[in-house]
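To keep things clear, I will list the structure first and then write my remarks on it.
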């Protein structure tokens, strides 16, 4: 029998130990409440809200590390969280239901209202409560709103100290509470300031229409915590009429309290004033669609695990817009250097700049971009800047039109596509090989024809001379080598064996005349291309074939421009299309190169004659007058 008893005791002992190990962790876990304020989205995608973490007694829990906080946005966890403890103050709304129940007196002749007034005056005189400008304070009674949004408890104390209630039952206590919530809808002077409403009342009859749900909804919309304080004997808190007040407190994160004369309201004061400091939480939102989004905060740690109430926020989110900044319509690749390859013809690149804007007024980072040419991705940078591209043009070897576009993606994964823009790339190559001589081919052929004609004429004349010498019996001497008076068109320096028909005298930058250049032949090219003229002009303002100087049959010289960029000038006047005849002493500019045109024999100066005017019509001049 004793063996059976011992076996039962062992079983009970093991059962108790097992129950202890199972129950102890749950008992050791601290019960906390987490409340969050409505989110602020002014800096979206950065979202800021304030978090209050309180224990089972309603006291604020401070000093939690950032690792204790995590964000659930639309039920998706986010890790980019920043935590900062910040003093934001509190909003305190005191509501006293001054009905006839508060006119009841105790054994010392004090009314319940007198006791409540003294407890509130003691609260407002606490060293932590009298700080000016930290809290937002309002006082409401059945008589109306006495103080609204004050910065000092002294205003409340002075008003309440001189208040003489009427103690009339003209308004329901729940209606008074519902009206008092109007003072919690105004924006708080400091973002994140928590709102506490202290409702001091006697036991209320349960209303027929049960406005409890409306009160809870309005309180939760503004983040208001309700603290009903019952005034009466201890047993009133257990009455069925107290149950609606308990529901109000639990649904908003507050407590139902029984007014204790010996303790006053200092315990509640310490609990509320400790919540002047809140956790400011900032995270980067991933909401990529417009509309309503939900956020919750989970607090975990040593013996902590609590999920906050949910708060909604609305945001307008649209993809970024991207446009080109002054894109080129035409790019001309050209050079005068025939030795360059097609890939090296300048320019070899073109800078493309972008303008990125956000129509939803929420600027955010750009994480990637693509530069697209003719439908193919040409560049995709992996780091900033994402709004600048260097378009490589070395692969475009012929004139074509190309279409460019860009795609950018922001930190929310939204993409923006630019409008397609057409760019014509022209590739102009210099003439190469025989093609480089094509502009002077006509002059070269004419020169060859003149030389051949001169040779033939010389041969004929020599033959005829030899025949005359042979018929006269005079031995012929070796003839001197005949030189053709027709030379290849061009500009040549002065030589002893050439007869100059005119001269071009170069003038330097100081106005000094340099060595004269004789003009021979009938057609002269002035330019910078050595394949066209034997006297090339080395100056950037001079084109390859800049001007043409032609000796006319009458002996004059006609100067014509050949479509040059800098132009051809005579005496500082632009040469017209039909050309201009040169006179002795004219100043000629080929681009920036200056010359003085002179004849070997200057013409006589012009003679001025003056004839008297006759009253009658002029008669036919006589031969003598004509000779004159």
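In the numbering used here, the protein residues as written are 1035 to 1662. We put the CB at the ideal spot given by N, CA and C, even for glycine.
| query | result |
| --- | --- |
| Distance between beta carbons of residue 1415 and residue 1384, contact taken as under 8 Å | That pair is no contact at about 16 Å. |
| Extent of the continuous beta strand (DSSP E) run through residue 1301 | No beta strand (DSSP E) contains residue 1301, which is instead part of the alpha helix (DSSP H) from 1300-1307. |
| Helix, strand or coil at residue 1275 according to DSSP, with G and I counted as helix | helix |
| The alpha helix (DSSP H) enclosing residue 1207, as first and last residue numbers | 1207-1214 |
| Backbone secondary structure at residue 1237 - three-state DSSP | coil |
| Secondary structure of residue 1351, DSSP reduced to three states | coil |
| Boundaries of the beta strand (DSSP E) in which residue 1632 is found, first to last residue | 1627-1632 |
| Inter-residue CB distance, residue 1311 and residue 1119 (contact presumed, cutoff 8 Å) | 6 Å |
| Backbone secondary structure at residue 1224 - three-state DSSP | coil |
| Inter-residue Cα distance where the pair is residue 1393 and residue 1335 | 41 Å |
| Alpha carbon of residue 1523 to alpha carbon of residue 1388, nearest angstrom | At residue 1523, the pLDDT of 38 sits below 50, so the modelled position is not reliable and the matter cannot be decided from this model. |
| DSSP state of residue 1194 mapped onto helix, strand, coil | helix |
| Whole beta strand (DSSP E) elements within the stretch 1542-1573, 3-residue minimum | 1551-1554 and 1557-1560 |
| Length-filtered (3 minimum) beta strand (DSSP E) runs lying within the stretch 1365-1453 | 1383-1391, 1400-1407, 1410-1413, 1422-1426, 1434-1444 and 1449-1451 |
| Given residue 1355 as reference, the closest of 1198, 1391, 1322 and 1325 once Cα atoms are compared | 1391 |
| Buried versus exposed call for residue 1614 [16 or more other C-beta atoms within 10 Å across all chains shown] | buried |
| Backbone secondary structure at residue 1484 - three-state DSSP | helix |
| C-alpha gap between residue 1644 and residue 1617, whole angstroms | 25 Å |
| Residue 1302 to residue 1445 span [Cα, whole Å] | 46 Å |
| Rounded straight-line distance, which links the Cα of residue 1640 to that of residue 1646 | 20 Å |
| Check whether residue 1150 and residue 1164 have beta carbons under 8 Å apart | no |
| Reduced DSSP category for residue 1513 - H, G, I as helix; E, B as strand; rest coil | Caution is warranted here: a pLDDT of 39 is assigned to residue 1513, below 50, making its placement in the model unreliable, and the coordinate value is therefore given only provisionally. Coil at residue 1513, not helix or strand. |
| Proximal residues to residue 1395 (C-beta, below 8 Å), its chain only, five neighbours per side dropped | 1350 |
| Cβ neighbours of residue 1155 in the same chain (closer than 6 Å, five flanking residues each side left out) | 1191 |
| Same chain only: Cβ atoms within 7 Å of residue 1624, ignoring 5 sequence neighbours per side | 1560, 1571, 1576, 1580, 1581 and 1602 |
| Cβ distance (whole Å) where residue 1069 is taken to contact residue 1342 below 8 Å | 6 Å |
| Assigned secondary structure, residue 1490 (DSSP; H/G/I helix, E/B strand, else coil) | helix |
| Residues near residue 1138 by beta carbon distance below 8 Å, same chain, minus five either side | 1145 and 1146 |
| Coarse secondary structure for residue 1522, derived from DSSP in three states | Its pLDDT being 38, under 50, residue 1522 is placed unreliably by the model, and nothing is read from it. |
| Range of the contiguous alpha helix (DSSP H) that encloses residue 1251 | 1246-1256 |
| Residue from 1225, 1490, 1541 and 1426 with nearest C-alpha to residue 1412 | 1426 |
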